[in-house]
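Presented below is the structure to which this report refers.
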Ligand SMILES: CC(C)(COP(=O)(O)OP(=O)(O)OC[C@H]1O[C@@H](n2cnc3c(N)ncnc32)[C@H](O)[C@@H]1OP(=O)(O)O)[C@@H](O)C(=O)NCCC(=O)NCCS
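In the working numbering, the protein residues as written are 28 to 203.
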């Protein structure tokens with residue numbers, strides 16, 4: 028299994044992965060998000076990775092930048108969406124995608140990585156609810172216990188709370 032940077036040519040495969048992996052009530056929204064993130068024009072850029080197995084694209088993850096208006100030096104990212112084709116799950120493909128992304132983010136001097144997802148899954152990568160506490164997500168969360176973060180490098184978390192700004196593709200309350 029190989030992990031590489033996604034391109035626009037992977038759009039249909041990326042859509043198919045999330046549409047197949049996520050539950051019926053969220054699959055359209057998440058698959059559209061994954062494709063939309065390929066076209067975001069941000070600095071730093073969105074990181075979009077695919078996992079290939081035997082010539083097939085079987086997994087995808089995206090990492091997009093998040094900022095704080097009053098703190099120009101701050102550089103965060105948020106992980107999502109992450110999906111692996113149902114027939115390929117539980118083979119550590121999700122783990123490899125997340126770890127590859129974290130490796131790339133560490134190289135570009137990211138302070139902190141956020142995720143909104145299942146703590147039982149993301150805890151293994153060092154994400155915790157405590158680390159995310161000072162950082163206010165852009166919309167009211169349906170599942171507040173899923174809001175987590177992991178500090179990268181030697182970043183020291185803020186003591187005062189601050190609101191995060193996300194990329195346009197994620198600026199949709201239905202995703203939160
Ligand atoms: C979540 C997902 C990306 C994991 O991908 P994967 O390639 O199957 O994950 P891995 O093989 O790396 O899984 C490693 C471990 O996580 C566990 N795991 C997988 N999904 C989990 C979940 N939703 N909650 C808790 N644990 C989970 C596996 O059982 C495995 O446990 P083990 O190491 O003790 O055997 C995949 O199951 C998926 O696409 N799910 C549907 C979409 C989704 O929910 N994505 C967002 C996650 S919040």
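Cβ coordinates follow ideal geometry from the N, Cα and C atoms, glycine included. Computed from a predicted structure; not experimentally measured.
- Distances taken from the Cβ of residue 33 to the heavy atoms of ligand 1 include none shorter than 7 Å.
- For residue 39, the enclosing alpha helix (DSSP H) stretches over residues 38-48.
- Counting along the chain, residue 62 sits inside the alpha helix (DSSP H) bounded by residues 54-63.
- For ligand 1, the residues with a Cβ under 6 Å from any of its heavy atoms are, in chain order, 48, 49, 109, 110, 111, 116, 117, 118, 119, 120, 121, 122, 144, 145, 147, 148.
- Counting along the chain, the unbroken alpha helix (DSSP H) around residue 146 starts and ends at 146-149.
- The Cβ atoms of residue 103 and residue 141 sit closer than 8 Å to each other.
- With contacts defined as CB atoms closer than 8 Å, residue 62 and residue 90 fail to qualify as a contacting pair.
- Between residue 193 and residue 172, the C-beta gap is not smaller than 8 Å, which leaves the two residues out of contact.
- If you draw a straight line from the Cα of residue 108 to the Cα of residue 38, it is about 14 Å long.
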